[in-house]
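Each residue of the sequence shown is one higher than the last, beginning at 266 in the numbering used here. Idealized CB from N, CA, C, for every residue including glycine. Okay, so here's the structure we're looking at.
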Amino acid sequence: MSSTESSKRPRIDAKANVLMVGTGEYTTGYVGGTAADSDKGAGVVALTMFDLRRRGKVERVGMCGVNGKKFPGIRKHMQKNIGDVYKDMDLGCDTYPSDQTADPKAYIDAIATFKAGDVAIIFTPDDTHYDIALACINQGMHVMVTKPIVQTLEHHINLIKAAKEKNVLVSMEVHKRWDPFYADARDRARSQFGNFQYMYAYMSQPKHQLETFKAWAGKSSDISYYLNSHHIDFSEWTLEGIARPVRVTGTSSTGVAHSKGMKTEDSITLTVQWENLNDKTLGCAVYTSSWVAPKGDVHSQQRFFYMGSNGEINVDQAHRGMTVAQDGKPFASVNPLFMKYTPTNGMFSGQASYGVKSFELFVDACRDINSGSRTVDSYDDGSLATACTTVQGTAILEAGRRSLDSDGQPMDILYGEDGHTPV
Numbered sequence: 266m267s268s269t270e271s272s273k274r275p276r277i278d279a280k281a282n283v284l285m286v287g288t289g290e291y292t293t294g295y296v297g298g299t300a301a302d303s304d305k306g307a308g309v310v311a312l313t314m315f316d317l318r319r320r321g322k323v324e325r326v327g328m329c330g331v332n333g334k335k336f337p338g339i340r341k342h343m344q345k346n347i348g349d350v351y352k353d354m355d356l357g358c359d360t361y362p363s364d365q366t367a368d369p370k371a372y373i374d375a376i377a378t379f380k381a382g383d384v385a386i387i388f389t390p391d392d393t394h395y396d397i398a399l400a401c402i403n404q405g406m407h408v409m410v411t412k413p414i415v416q417t418l419e420h421h422i423n424l425i426k427a428a429k430e431k432n433v434l435v436s437m438e439v440h441k442r443w444d445p446f447y448a449d450a451r452d453r454a455r456s457q458f459g460n461f462q463y464m465y466a467y468m469s470q471p472k473h474q475l476e477t478f479k480a481w482a483g484k485s486s487d488i489s490y491y492l493n494s495h496h497i498d499f500s501e502w503t504l505e506g507i508a509r510p511v512r513v514t515g516t517s518s519t520g521v522a523h524s525k526g527m528k529t530e531d532s533i534t535l536t537v538q539w540e541n542l543n544d545k546t547l548g549c550a551v552y553t554s555s556w557v558a559p560k561g562d563v564h565s566q567q568r569f570f571y572m573g574s575n576g577e578i579n580v581d582q583a584h585r586g587m588t589v590a591q592d593g594k595p596f597a598s599v600n601p602l603f604m605k606y607t608p609t610n611g612m613f614s615g616q617a618s619y620g621v622k623s624f625e626l627f628v629d630a631c632r633d634i635n636s637g638s639r640t641v642d643s644y645d646d647g648s649l650a651t652a653c654t655t656v657q658g659t660a661i662l663e664a665g666r667r668s669l670d671s672d673g674q675p676m677d678i679l680y681g682e683d684g685h686t687p688v
C-alpha cells in the first residue's frame, strides 16, 4: 500500500462508514410496497448496520437503489419494523438517488461521497455485482457482495486483481459459514471423514418468490446462481486443500415459471465431480435448487447429506426443533439462530444470530485493516469468504449455466500451475 493510500485510511479508533447498495428484501425487508412475505420482513442488512451504529462500530450509513421514489415507503417500513420495535435505533440514512428520480447508475454518485477505507455492502441483482463492486474497489472501499459474488470466472479474477491493487478486502456474504451446525459439519468433514465421496444438497423457496424476483429471474440470472451458491460455497470451504471440482453437468425442470410468462427454469441441478488431491480419486456432489416449492412451515427448505471415506453427516438447516403456532398466522418452524427478531426488554438482541455475525465480522475486519492491526491477505485463511478463496464456486456456477445452455453437455474446469485456481 502506498503512503498516499495509507494516509487516506481512517484513524485506528475510527468507526466504519457503510454504503448499502440495494434496497430489496435482504437489505430492508421491503418488497412490492410492503413487508416481504418471508422470514425477513424487517430485513437483515439495514437492521444490522443500525444496530452496529448503536453499539459504536458504525457511524455514517448510506443506502442506494435504482428507484428513489421507493424511499418514502422504505423509511416508513423501517420505522414500523425497526424504529417502533427496538429502542435506541437511529434510522438516519443518506439515500441515493433522490426521492423524485430513478437512476440505475445512482451508485456512482453514492460511492463518490465515500472515501478509502469505507465499507460497501452490495445486495443487488446478480448481473450488477461486478460493475458496482469494481466501482467501490476503485474508490478504495472494502466490499462485501451477496452470493454469487459475480457470475463469471473472468469477472471474479478481475475483482481479485483490482482489490490487490487498492489493498482492500473483498468478500462474499455467506452467512451459513457462521451457522454452528454448518461450521461443525465442515470441521468434522475436514478432520474426521477422510476423502470426499458424495454430497447431496437441496435448497428451495416458495413460488411466490418468482414475483419477488420477476425483475431479473430468467433475464439476468437463475435459481442456481441464487440458491445453489449456498451449498457450493459450503463445499469449497469444506474441501479447501482436500479436493477440487473438475467437471459440472447441469439439468433442469421447467413449467411453472413458463406458465407465468417467465423464461427461466423452475429447478436446477448441478452434478459436480470433485477430485481428491491426495490420490486423484473422485467424489460426486449434487446441488439442487428450486423457487417453485409450495408454501410450507419454512420459507426456505435447506438441507444436505455429506459422506466421506470415513464418515457421514446429515444437516437440516430449516428445522431446528422449534415450532410456533399463533392466532392469525400460519404454523411455522422457526430458526432464531439465523435472525432473532424478537426484542429483549425492548432492545434488538439478535447479535449472536449468524445472519448478523456475517456482517459484523466483516465490518470488524475492515476496521482492523484500516487500523493496521491486520492485513487484507490474513483473511484468506477461511475466516471470511474472501474473493481469493471463493473462485472455485464461481467456476462451478458458470460451468453449470454453460452446461444448461448446451443441452446438458458436461463442462470441465481447468486449472493453472498452482492446481488450485480455475482458469
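Residue range of the beta strand (DSSP E) that includes residue i
i    : result
M437 : 435-438
I578 : 577-581
K594 : 594-598
A508 : 508-518
T313 : Segment 310-319 is the alpha helix (DSSP H) holding T313; no beta strand (DSSP E) there.
Y571 : 566-573
Q591 : 588-591
Reduced DSSP category for residue i - H, G, I as helix; E, B as strand; rest coil
i    : result
H685 : coil
L542 : coil
M464 : strand
H407 : strand
E290 : helix
A550 : strand
D359 : strand
W481 : coil
I690 : Since the first residue of the chain shown is 266 and the last is 688, residue 690 is not available in this structure.
Q657 : helix
N432 : coil
G330 : coil
E663 : helix
S668 : helix
Distance, residue j Cα to residue i Cα
i    : j    : result
S668 : Q344 : 45 Å
V415 : A558 : 26 Å
W481 : P390 : 7 Å
A583 : Q567 : 5 Å
K352 : A311 : 15 Å
I608 : D316 : Strictly speaking, residue 608 in this sequence is Pro, with Ile absent from that position. Whole-angstrom Cα-Cα distance: 12 Å.
T269 : A381 : Because T269 sits at a pLDDT of 49, beneath the cut-off of 50, its placement in the model cannot be relied upon, and the following sentence gives the value as read from the coordinates. Rounded to whole angstroms, T269 to A381 spans 11 Å at the Cα level.
R320 : K426 : 34 Å
R340 : A385 : 20 Å
T640 : L418 : 25 Å
R585 : A597 : 11 Å
L690 : N282 : For residue 690 there is no data in the structure shown, the boundaries of the chain being 266 and 688.
Y447 : D498 : 11 Å
S272 : C653 : Because S272 carries a pLDDT of 48, less than 50, the predicted location of this residue cannot be relied on, and no value is offered for it.
T374 : S363 : In the sequence on display, residue 374 carries Asp and not Thr. Using only the alpha carbons, I get a separation of about 11 Å.
F627 : V323 : 12 Å
L662 : G673 : 14 Å
F570 : G520 : 28 Å
S643 : E501 : 18 Å
V439 : H495 : 7 Å
L424 : H564 : 33 Å
E430 : N403 : 9 Å
C631 : L434 : 7 Å
M587 : Y680 : 44 Å
D452 : T503 : 7 Å
A233 : T655 : What the structure shows of the chain is the stretch from 266 to 688, and residue 233 is not part of that stretch, so it cannot be assessed.
A689 : P687 : Examination of residue 689 is not possible in this model, given that the chain is present from 266 through 688 alone.
D444 : Y619 : 6 Å
Range of the contiguous alpha helix (DSSP H) that encloses residue i
i    : result
D692 : In the structure as shown, the chain starts at 266 and stops at 688, and residue 692 therefore has no counterpart that could be examined.
I376 : 371-377
M343 : 336-343
Sub-7 Å separation of residue i and residue j beta-carbons
i    : j    : result
V511 : I678 : yes
K483 : M527 : First, the residue type needs correcting, since residue 483 is Gly and not Lys in the sequence shown. Yes, the pair counts as a contact, with Cβ atoms nearer than the cut-off.
N575 : F458 : yes
S436 : L602 : no
M406 : C358 : no
D487 : E530 : yes
G615 : K605 : yes
G308 : T288 : no
T366 : G330 : no
I397 : V286 : yes
Close beta carbons around residue i, own chain, < 6 Å, minus the five adjacent residues each side
i    : result
T534 : T516, T553
H420 : Y395
G665 : S489, V513, G515, L535
A450 : I578, V580
M409 : I386, S436, E438, F627
D551 : Before going further, note that residue 551 is Val rather than Asp in the sequence given. So the list reads Y465, T536, once near-sequence residues are dropped.
Q470 : W556, S565
S532 : S518, S555
R509 : E540
Contacts around residue i, its chain only, beta-carbon distance under 7 Å, and the 5 residues preceding and following it disregarded
i    : result
M266 : No answer about M266 holds up, because its pLDDT of 48 lies below 50 and its placement is not dependable.
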